[in-house]
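Report on the following structure.
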Amino acid sequence: PIQPVPREGEVTLCGEWNAPNDEEEEEEVEVEEVEIVNVIQNRAPPPVFEVTKTEVREAPQPTKLDTRYFGELLADVYRKNCDIHSCISEHVAKIHGKKHELELQKDDVEDLLPKGATELTKQQIRYLLQTRLTADKSMRLLLSTFSSLREELMHMTEDLRRLEAEKEGLERDLSFKAEQAQQYDGLLEAVRENNRQLQLSLKETITAQRDLEGQLASCRSADSTRDFKTKELEGRLRALEKENEMLRQKVTMFQSPSSSSTLQIKTEELSRQYRDQLSTMREEKDREIQRLRVRVTR
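Take the sequence shown: its position 53, counting from 1, is numbered 53 in full-length UniProt numbering, and each next residue is one higher.
Here you go:
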């Protein structure tokens, strides 16, 4: 409201504001100001009355909210919150292997509804309470999941460290075994070379053995020939001895003792020569056999 500044000798009377009524949809502001000015001068002039203008202004009418739209909005928010909880539960079930179902306690929700409210108001408050419970359960589910994931991550970190230590140990063992494998390969190559040399030596030994066996067979055949000749000479010697014995007997019968002694000497000389020949042949045979045995043993 606009109030004039009072002058000297003037009396101003101002009216009060009209308090707005809350129950009415339209508010009216009325400003009434009445100013009465009495000017007292030396001469008494007639009283002058000044009346201010009264302005009536209409306050802007607030937008009226549609209760049905508000209820539908709350229902949509509740459904979206339930969908979010279901999505979180499915992902948590993939992690933990257990699906968490949304179970709202209707008795608790009904107990929180105000008494004496309209059914529409109760339904709207019910949506709000259910949305709050769903959000609370989603938050607890996420917190428990994050805590379990944190524990699993710690366990996995420890397992990773242990696996890294085992990997380092295995790498050391692998390098050591690789060195051993290289050494074994070198030893195997040396063994193979020795085996080849031994096989060559064995072939040479087998060839020499076969040669010696051939020589031994030839010596045996020669020995058999010598044995046959020795037996033949022994048979001749025995025959000559028998013949000498017969001749000796005949000589003793027909000749004198001097001639018999001469014959005996000749016979003994012949026998000695045959024996020398036999002993010489036996010695040669023994030396040949000994030489062959030495070659075979080598």
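For glycine and all other residues, C-beta sits at the position ideal for the given N, C-alpha and C.
Given the structure is predicted, the values throughout are model-derived calculations rather than measurements.
task: Quick one: residues in its chain with C-beta nearer than 8 Å to the C-beta of residue 22, no 5 flanking neighbours on either side, listed in chain order?
output: As a first step, residue 22 must be located in the sequence shown, where it is residue number 22. Unreliable positioning characterises residue 22 in this predicted model, as indicated by a pLDDT of 42, which lies under 50. A coordinate reading is not provided.
- prompt: Since residue 274 and residue 233 are thought to touch, with beta carbons under 8 Å apart, how far apart are those beta carbons, to the nearest angstrom?
  reply: Looking up residue 274 in the sequence shown gives position 274. Looking up residue 233 in the sequence shown gives position 233. That pair is a contact at about 7 Å.
message: Between the alpha carbons of residue 90 and residue 114, how many angstroms are there, rounded?
response: Taking the sequence shown and counting its residues from 1, one reaches residue 90 at position 90. Taking the sequence shown and counting its residues from 1, one reaches residue 114 at position 114. Roughly 35 Å between the two C-alpha positions.
task: Identify which residue in 87, 212 and 124 has its Cα closest to the Cα of residue 291.
output: Indexing the sequence shown from 1 puts residue 291 at position 291. The shortest C-alpha separation from residue 291 is found at 212.
task: Could you tell me whether the Cβ atoms of residue 207 and residue 278 are closer together than 8 Å?
output: Position 207 of the sequence shown, counting from 1, holds the residue named residue 207. Position 278 of the sequence shown, counting from 1, holds the residue named residue 278. Contact: no.
query: My guess is that residue 332 and residue 131 are in contact by the Cβ rule of under 8 Å, so how many angstroms apart are they, rounded?
result: The requested residue 332 does not occur in the structure, where the chain is confined to residues 1 to 298.
query: By Cβ distance, which residues of its chain are closer than 6 Å to residue 129, with the 5 residues on each side in sequence left out?
result: As a working mapping, residue 129 is identified with position 129 in the sequence shown. So the list reads 109 and 112, once near-sequence residues are dropped.
- request: Go ahead and label residue 134 buried or exposed: buried means 16 or more other beta carbons lie within 10 angstroms of its beta carbon, across all protein chains shown.
  value: The residue given as residue 134 occupies position 134 in the sequence shown. So residue 134 counts as buried.
query: Is DSSP giving residue 233 helix, strand or coil here?
result: Mapped onto the sequence shown, residue 233 falls at position 233. DSSP places residue 233 in helix when its eight states are reduced to three.
query: If residue 85 sits next to residue 138, beta carbons under 8 Å apart, how far is it from one beta carbon to the other, in whole angstroms?
result: Here residue 85 is taken as the residue at index 85 of the sequence shown, counted from 1. Here residue 138 is taken as the residue at index 138 of the sequence shown, counted from 1. Right, their Cβ atoms sit about 5 Å apart.
field: DSSP three-state assignment for residue 167, whether helix, strand or coil
entry: As a working mapping, residue 167 is identified with position 167 in the sequence shown. DSSP places residue 167 in helix when its eight states are reduced to three.
message: Is the separation between the beta-carbon of residue 142 and that of residue 88 shorter than 8 Å?
response: In the sequence shown, counting from the first residue as 1, residue 142 sits at position 142. In the sequence shown, counting from the first residue as 1, residue 88 sits at position 88. In this structure, residue 88 lies closer than 8 Å to residue 142 by Cβ.
message: Classify residue 92: buried if its beta carbon has 16 or more other beta carbons within 10 angstroms, exposed otherwise.
response: Reading the sequence shown from its first residue, position 92 is the one you call residue 92. The residue in question, residue 92, is buried, as its Cβ has 16 or more Cβ neighbours within 10 Å.
query: Of all the options 286, 193, 74 and 201, which has the alpha carbon lying nearest to the alpha carbon of residue 124?
result: For this step, residue 124 is matched to residue 124 along the sequence shown. Taking only the C-alpha atoms, the option nearest residue 124 is 74.
message: Given a cut-off of 8 Å on the beta-carbon distance, is the pair residue 241 and residue 271 in contact?
response: As a working mapping, residue 241 is identified with position 241 in the sequence shown. As a working mapping, residue 271 is identified with position 271 in the sequence shown. Yes.
query: Rounded C-beta distance between residue 226 and residue 285? I'm assuming under 8 Å.
result: Numbered from its first residue, the sequence shown carries residue 226 at position 226. Numbered from its first residue, the sequence shown carries residue 285 at position 285. Right, their Cβ atoms sit about 5 Å apart.
- request: With a floor of 4 residues, list each alpha helix (DSSP H) that falls wholly inside the region 109–146, ordered by position along the chain.
  value: none
message: Alpha carbons only, please: which of 217, 276 and 67 is nearest the one belonging to residue 293?
response: Counting from one through the sequence shown, the residue named residue 293 turns up at place 293. Answer by Cα proximity: 217.
message: Taking the alpha carbon of residue 267 as the reference point, which residue from 281, 243 and 287 has its own alpha carbon closest?
response: The residue labelled residue 267 in the question sits at position 267 within the sequence shown. That would be 243, whose Cα lies nearest to the Cα of residue 267.
message: Please report the distance separating the alpha-carbon of residue 299 from that of residue 202.
response: In this structure the chain extends from 1 to 298, so residue 299 is not present and cannot be described.
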